[in-house]
Structures are given as C-alpha cells and as structure tokens.
Amino acid sequence: MSISVLLVGMGLMMVAAFFLGRGRSLAVAGEQRLNSLPSFYGILTALWSILPGIALLGLWSIFDSNLIEYAALKHLPEALQGAPESELGLVMNQIYNIANDKYVGEAPVYMIEAANAIISMQKQSAWLQGVIVLAAMFIGAAVVWFAINPQMKARNRVESLFRVGLLACACIAILTTLGILLSVLFESLRFFQSVPITEFLFGTTWSPQGALRADQAASESSFGAVPLFAGTLLIAGIAMIIAVPTGLMAAIYLSEYAPQRFRSIVKPLLEVLAGVPTVVYGFFAALTVAPLIRDIAVSIGLNEYVNVTSESALAAGLVMGVMIIPFVSSLSDDVINAVPQSLRDGSFGLGATPSETIKQVVIPAALPGIVGGILLAVSRAIGETMIVVMAAGLAANLTANPLDSVTTVTVQIVTLLVGDQEFDSPKTLAAFALGLMLFITTLALNYVALHVVKKYREQYD
Amino acid sequence: MTEAALKEAKQPSEINLESGPDAGEHQTVGAPFHDNAKITVRNVDVFYADKQAVFDVSLDIGKNEVIAMIGPSGCGKSTFLRCLNRMNDTIDICRVTGSIKLEEKEILDTKIDVVPLRAEVGMVFQKPNPFPKSIYDNVAYGPRIHGLASRRSELDEIVETSLQKAGLWNEVKDRLHAPGTGLSGGQQQRLCIARTIAVSPEVILMDEPCSALDPIATAKIEELIAELSENFTIAIVTHSMQQAARVSNRTAYFHMGKLIEVNETEQVFTNPDHKLTEAYITGRFG
Numbered sequence: 097m098s099i100s101v102l103l104v105g106m107g108l109m110m111v112a113a114f115f116l117g118r119g120r121s122l123a124v125a126g127e128q129r130l131n132s133l134p135s136f137y138g139i140l141t142a143l144w145s146i147l148p149g150i151a152l153l154g155l156w157s158i159f160d161s162n163l164i165e166y167a168a169l170k171h172l173p174e175a176l177q178g179a180p181e182s183e184l185g186l187v188m189n190q191i192y193n194i195a196n197d198k199y200v201g202e203a204p205v206y207m208i209e210a211a212n213a214i215i216s217m218q219k220q221s222a223w224l225q226g227v228i229v230l231a232a233m234f235i236g237a238a239v240v241w242f243a244i245n246p247q248m249k250a251r252n253r254v255e256s257l258f259r260v261g262l263l264a265c266a267c268i269a270i271l272t273t274l275g276i277l278l279s280v281l282f283e284s285l286r287f288f289q290s291v292p293i294t295e296f297l298f299g300t301t302w303s304p305q306g307a308l309r310a311d312q313a314a315s316e317s318s319f320g321a322v323p324l325f326a327g328t329l330l331i332a333g334i335a336m337i338i339a340v341p342t343g344l345m346a347a348i349y350l351s352e353y354a355p356q357r358f359r360s361i362v363k364p365l366l367e368v369l370a371g372v373p374t375v376v377y378g379f380f381a382a383l384t385v386a387p388l389i390r391d392i393a394v395s396i397g398l399n400e401y402v403n404v405t406s407e408s409a410l411a412a413g414l415v416m417g418v419m420i421i422p423f424v425s426s427l428s429d430d431v432i433n434a435v436p437q438s439l440r441d442g443s444f445g446l447g448a449t450p451s452e453t454i455k456q457v458v459i460p461a462a463l464p465g466i467v468g469g470i471l472l473a474v475s476r477a478i479g480e481t482m483i484v485v486m487a488a489g490l491a492a493n494l495t496a497n498p499l500d501s502v503t504t505v506t507v508q509i510v511t512l513l514v515g516d517q518e519f520d521s522p523k524t525l526a527a528f529a530l531g532l533m534l535f536i537t538t539l540a541l542n543y544v545a546l547h548v549v550k551k552y553r554e555q556y557d
Numbered sequence: 014m015t016e017a018a019l020k021e022a023k024q025p026s027e028i029n030l031e032s033g034p035d036a037g038e039h040q041t042v043g044a045p046f047h048d049n050a051k052i053t054v055r056n057v058d059v060f061y062a063d064k065q066a067v068f069d070v071s072l073d074i075g076k077n078e079v080i081a082m083i084g085p086s087g088c089g090k091s092t093f094l095r096c097l098n099r100m101n102d103t104i105d106i107c108r109v110t111g112s113i114k115l116e117e118k119e120i121l122d123t124k125i126d127v128v129p130l131r132a133e134v135g136m137v138f139q140k141p142n143p144f145p146k147s148i149y150d151n152v153a154y155g156p157r158i159h160g161l162a163s164r165r166s167e168l169d170e171i172v173e174t175s176l177q178k179a180g181l182w183n184e185v186k187d188r189l190h191a192p193g194t195g196l197s198g199g200q201q202q203r204l205c206i207a208r209t210i211a212v213s214p215e216v217i218l219m220d221e222p223c224s225a226l227d228p229i230a231t232a233k234i235e236e237l238i239a240e241l242s243e244n245f246t247i248a249i250v251t252h253s254m255q256q257a258a259r260v261s262n263r264t265a266y267f268h269m270g271k272l273i274e275v276n277e278t279e280q281v282f283t284n285p286d287h288k289l290t291e292a293y294i295t296g297r298f299g
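Sequence lines, in order, name chains X and H. Position in the first sequence (first residue = 1) + 96 = the numbering used here. Position in the second sequence (first residue = 1) + 13 = the numbering used here.
This is how it looks when you write it as structure tokens:
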C-alpha cells in the first residue's frame, strides 16, 4: 500500500469516525438530553481515530528503514559483517542503489541478494504499516464509539484535545530554539578544545585561513574575535545613529501631528520599507552608497589622513540604518499611541504646546516601550548579514574609522562555512562559536527588550 | 385602556423629549446673563464634522461664581465646557462658531494664542490624569513651561501653596518626589487640581471631576470647590444632581445640544421654569 493511498484511507476513516460517533450519540440519547452537541461526539471519535493513526505512521516511518537495514545485513558475507562502519555504509549505499535501479555496472551476487531482500521487505513493511495504522484508527474510533453515552462530556474533552494540540505547536518553536542552541553550544565546545576561549574572546587578530593539511604552506591560524565584534558594533552603532532619531521622529510626526489621511497613507508605505529584501539593500549599499561615500571622502581630501576604501563600515551602517527605520518607527508609533489621550489633554489644558507635551509628557511616558523597540532593532542590526556581506568587506581590521572596511560576526560565519570545508577543523567550528556569541547577544537583548516593554505595559492597565 | 394610551400615561411629556425643543423657537429660559460676567458666551454653535453638537448657546459666567452644567449624556455640556479654553482644538473635525469673551478678550479668535488662554482658563478632567512624574514635577509642570518661577525656591513655594490650596499638602509633603501615579484616585484628582491652580488661572473648568471617585474622595473635592470659589471662577459639568445642588450658585440645564434653562441652583432644583428641566431633575429620563 503506497503512502498516498494510506493517507486517503486515513482521511476516509476519520470522516467515517465522525459520522459514526455523531450517529451513535444521537442513537444513545433517546429521550435524554445529550451533554454536548452531537457533532462534538463526532469530532471526539474522529480525533481519537486519527491521532493514534498519525502517531503510529510517524513511529513506523522512523524505525522501519533501520529494521530493514538490519535484516539486510544478514545477507552479506561474514567478512563484511564485521567490517568498520564507514565501509559498511558504503556497501549499504550500493545495495540501496541496486534496489532503486540506480546502480551502474556489475554488482556482486551478495549485493543483489541483499537488494532483493530489501525490496521485498519494503513491500511487506508498507502493507503491514497500512494495515496496522488503519487497525489502530479503527480501534481508537471503536473505543470512543462504545464509550459514548449521554453523560459523556464530549465538548470538554474536545476542548482539552485542542489545547494539547495548540500546546504542541507552541512547543515546536521552543524546542527548535533549544535544539539550535544546543547544537551550536556543543560545536562551540569542540572549538574551544582546540582554541582557548580567552584567545577567542580577547585576541585582536582574526585570520582563520590557516593550513588545512599538514603539507600545506600557509600562515598560522589565529582566532581573536575582537575585530569582528568591534566591526559589528561599529556598523550597528552607525545604523542606530541613523535609525533611532529618524524612526522616532517619524513616529512622533505620524502619531502626534499628521492628519489622519496622511497617516493612513504614509504608515503602510513606511512599513513597505521593512518588506524590501535585505539583499536588495545589500547591492544598493555595495554598488551605489559605498562608491559614493568613497568619492565624497576622497574629494574632500580625507584619504590623506585616514584609510578610505570602497567597502566601508559607513556604507553598510547607513543602509542598514535605513532598513531599520520602519522597525523603530512602527514600534515607537505603537507605544506612543498607547499613551492615554488624557495625559495629552492634561498637558494641553495647562497651556503646553504640542512639542512641550511630547517632550515632557508623551515621550517620558512612552520611553520604556521605545527603549524596548530600540533594543529589538539593535538585535536586528547585529544579526543582519546580507548588507554587511556585500558592503562592509572581509578584512578584519580593528578600527574606529567608519570609512575603512571592517568585517562582522555574521560575515565571518558566512565566509567560514561557504564552499568545501572540513567539518572538524577549528576553522569551521569557529563559525559555531561566533554563532553562539551572536545568539547569546541577541537573546539577551531580546530578553531585556521584552522585559522593558512588559514593565511599561503594567503602568497604564 | 389601549396599549398606546398606556404608553402615553407612563411617559406624559415624551413628545418633546425625543425630538428636543424646536431649533427655530428655541429660547433659554431663566437667567442666563450675569451683571458681573467673567466669561460671556454668545450664540455658540459647535459642529463635529457635519453633526451639530451645541446649538446657539448664550450664557454668562459670573466672577467667582460656581456654575454647574447638568443634563443627560450626549447633551453637549462637556463639549461646551471644552470650548471655554479651546480644548476642542485638539479634535480635528470640531468647529466652533459664535463668540466667547474672557472679560474683553475674544477666545474664539483664531489669531489668539491658546497657550496663555489655557493658563488663564485651567481644566480638570473626568479621570484623574497625573503625569507619570513625581508629585512635585506634576505641580511644577505648568509653572515651568510658563516660566512663572525664576528660582528653585520660588518654584518650591508655588508647589507648596498649590498643594495646600488643593488640600493635599499634609498628605504628600513627606513624599513630594514619589510618583504621582502612586496616589489614590481621590488624591490624584486633587493633585490634578493643584497642578491647575499652580499656573494661577482665573477660571477653572471641571469636567465631571468626581465621576471616577468614591463618595469620601468626592466629598473632599466638593469641599475644595467651595473653598476655591473664593478665588476662582468655576464651571463644573456633573452627572450628579446632588453634587450640582451642593456646590454651585447657578445651574445650567442642557438638552440635546441646547441650553434649556439657567437659574439659581435652588430654583432649578425646587421650582424649574422649563418642563424639560423638571422632567430631568425628577428623574423621568436621563
């Protein structure tokens, strides 16, 4: 039974369970009043039928390939059965290729035998799977069907099943975060076994392109991440210098001064800015802004005093700042709007002008929320990759000169992992360590931001 | 008795209550004018976009008088009150026509500066709305923006006298730098009154100042209004007729945007001139 047929069968079974459950509830009700509407009995029957089915289907899919492989091993010659894992893996791969008709050339007899065994077992397994899943669905439905009586609280049970389902969905996000964090953490620990954590955190030279093999001629690798963090902070700082005042002022204008019609047009437009793909900002930064900044710097003679390059922190920071403006303005606009009108009235009633009211009443009242929004924007700026990859450069300079090229944590992660790499060298593992640092930084920023926003909310409710 | 007749018997003067008095022959009854007027209102209409909210109101508010404005919800009394210090400017679609004079000065003139006007005509709102600042800064807010104090000590003095006048000084003198939002509802409202007094206005407008307060806090505010009337002219909008009767010299009754009757408070509550006023104060609607 192929999987698509099985899925259709499961669907039909579920629908049937619904109608059976519903019919049963009506039949047992007789003169009595049912505890819940008949459809709840139907839904309950259908859910108790489909859930065991899905669970079994999932478990089967996870384990059956392992079982089949284990059984296929019995067809191999004794000499091979004790072979090391890597060699065995290669053989199994060939066997699977034969089974799937992808093998080119003559195969040894034992392999063809094993392949045939696998094919027949796969067929059996598929049939067995279909039968067991459908049987489980039938049993599930039958158990509920027999349990249905007018006093059964079907409505409450459906409710709790839905709650469990929603909880499961919520858990997916949390577990994914946890999984990523753990995998990054363990790879980072491996990295710190070969490179001391103090060198990584405090070293000022970043040059990961050391020799991959003993016979290669290359300089010694060095993993001091300070230039990367400095570059990240420089670019994020420039971005925030652009984004915070502009975004905040835009939000103040939109929420306090703009006529309703203007606001209804401009606010969505501003939010479109947030929808522009970052790669578009990236090539805009690299091809338009960066050369422009270099030309201006050269034309006013700055290149005689400092290093001026065509890939600069300033270009990346400026464009990133523009990208973040809608982020800051939208969040600030929300919190400014949440400041009660009565506070503005109170201030106007004392003869304050709108700008005095904004400066002394509205902004202080909205400040925690605004700070929260800005912190979220900062974590966005630190994690941003595309713009800096294209416009900031790769040279790990430790400099405060915004016209020089710098590199960031995210750019280095990209360059460390792009291309053919060995996955156990410090070079690739360094990417995980950088990722971990980035993860911790943005997580901390988000945590603080959410905390600040939450504290603010309590003030007016 | 038929059903229709029953209905009529229950609501005797219903005919005019729903449609309101006719705009054409509308005339305020009683004594809307005052010999010693602080504010002179003539033929004021207020519109929200196309909808007229206040119809042809003419009224004098006398010096050091407490005038109460009563009427059913939506009758335009708050809207009218907000005209007196141009608070309706903050609503885009609101338009006010007619003439309102503060002594000799025309308030509705678009050329006048609302900032000094609002310093002269202060306002206390329905819900206590202290700024999220300290008690001291709340009271000092007005004097600071108007530059009323040149030295710290002067400001301290203004804050102290304002809080004393608002009857709050003894309760807060030890925690002037605690946040104003931490006070109880009644204290917050008195703080808002202190804040208004601090810019030494001549007129104080109060828009249902006790509607969010419990009876004890309300009693304190009412006491305060009586004391303040020695120095200030007070116009108060209220839903509580007992409150109007307790605190005011004159009472104005609004109905569907029209000023129906203005009279001495005692007369309004014992022997009103207009049948709509009578219907309202006897609780037949509203």
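We put the CB at the ideal spot given by N, CA and C, even for glycine.
Proximity below 7 Å, CB of residue i to CB of residue j
i	j	result
Ser317 of chain X	Pro304 of chain X	yes
Val435 of chain X	Val458 of chain X	yes
Ile194 of chain X	Ala203 of chain X	yes
Thr300 of chain X	Leu494 of chain X	yes
Leu181 of chain H	Ala207 of chain H	yes
Asn246 of chain H	Val212 of chain H	The amino acid at residue 246 of chain H is misidentified as Asn; the sequence shows Thr. Not closer than 7 Å, so no.
Leu143 of chain X	Leu257 of chain X	yes
Phe296 of chain X	Ala321 of chain X	yes
Val67 of chain X	Leu153 of chain X	This structure cannot settle anything about residue 67 of chain X, because the visible part of chain X is limited to 97 through 557.
Ala346 of chain X	Ser425 of chain X	yes
Gly193 of chain H	Ile148 of chain H	yes
Inter-residue spacing [alpha-carbon to alpha-carbon] between residue i and residue j
i	j	result
Ala36 of chain H	Asp441 of chain X	Legend: pLDDT at Ala36 of chain H = 44, less than 50; position of this residue unreliable, no value from coordinates given.
Ala409 of chain X	Phe528 of chain X	24 Å
Thr110 of chain H	Asp150 of chain H	37 Å
Gln202 of chain H	Val172 of chain H	16 Å
Met82 of chain H	Val250 of chain H	5 Å
Ala586 of chain X	Phe287 of chain X	The requested residue 586 of chain X does not occur in the structure, where chain X is confined to residues 97 to 557.
Glu119 of chain H	Gly447 of chain X	17 Å
Pro34 of chain H	Arg55 of chain H	Low confidence applies here, because Pro34 of chain H scores a pLDDT of 46, under 50, leaving its location unreliable and the question unanswered by this model.
Ile536 of chain X	Ser284 of chain X	13 Å
Thr524 of chain X	Met188 of chain X	29 Å
Tyr266 of chain H	Thr53 of chain H	17 Å
Glu127 of chain X	Pro246 of chain X	10 Å
Gln65 of chain H	Lys271 of chain H	10 Å
Gly378 of chain X	Ser98 of chain X	47 Å
Pro145 of chain H	His190 of chain H	12 Å
Pro464 of chain X	Thr342 of chain X	18 Å
Leu472 of chain X	Phe298 of chain X	27 Å
Residue i: contacting residues in chain X (beta-carbon distance under 8 Å)
i	result
Phe138 of chain H	Ser438, Asp441, Gly442 and Gly445
Val128 of chain H	Gly447, Ala448 and Thr449
Asp105 of chain H	Pro355 and Gln356
Neighbouring residues, chain X, relative to residue i (Cβ below 7 Å)
i	result
Asp63 of chain H	Correct list: empty, because the minimum Cβ distance to chain X is about 16 Å.
Arg208 of chain H	Leu446
Contact test: residue i Cβ vs the ligand GTP heavy atom, cutoff 6 Å
i	result
Asn162 of chain X	What this structure holds is no ligand at all, so the ligand GTP is not there to describe.
Chain X residues whose Cβ lies nearer than 9 Å to that of residue i
i	result
Ala292 of chain H	Result: empty, since nearest Cβ-Cβ is about 33 Å, beyond 9 Å.
Cys223 of chain H	Per Cβ cutoff of 9 Å: no residues; Cys223 of chain H is ~16 Å from chain X at best.
Gly135 of chain H	Gly445, Leu446 and Gly447
Arg131 of chain H	Phe444, Gly445, Leu446, Gly447 and Ala448
Phe144 of chain H	Leu439, Gly442, Ser443, Gln456, Val457, Pro460 and Ala461
Neighbour flag for residue i against chain B, beta carbons, 7 Å
i	result
Leu534 of chain X	Within the model displayed, chain B is absent; protein chains X and H are what it includes.
What residues in the segment 420-452 of chain X have a beta carbon less than 8 Å from any beta carbon of chain H? Pro436, Ser438, Leu439, Arg440, Asp441, Gly442, Ser443, Phe444, Gly445, Leu446, Gly447, Ala448, Thr449 and Glu452
Quick one: which residues of the segment 454-476 of chain X get their C-beta closer than 8 Å to a C-beta of chain H? List them in chain order. Gln456, Val457, Pro460 and Ala461
Give the residues from the segment 151-167 of chain H that approach chain X closer than 7 Å (Cβ to any Cβ), ordered along the chain. Tyr154, Gly155, Ile158 and His159
Pull out every residue of the segment 83-97 of chain H whose Cβ sits closer than 7 Å to any Cβ of chain X, in chain order. none
Closer than 8 Å, Cβ to Cβ, to anything on chain H: give me those residues from the segment 328-356 of chain X, in chain order. Pro355 and Gln356
Specify whether the segment 220-235 of chain X and the segment 139-156 of chain X touch according to this definition: at least 3 beta carbon pairs, one from each stretch, less than 8 Å apart. yes
Would you check if there are 3 or more beta carbon pairs closer than 8 Å linking the segment 415-424 of chain X to the segment 471-480 of chain X? yes
By the 7 Å beta-carbon criterion, what residues does the segment 252-265 of chain H contribute toward chain X? none
Do the segment 498-507 of chain X and the segment 342-355 of chain X meet, that is, are 3 or more Cβ pairs less than 8 Å apart? no
Check whether the segment 119-139 of chain X and the segment 148-168 of chain X are in contact - that is, three or more C-beta pairs closer than 8 Å. no
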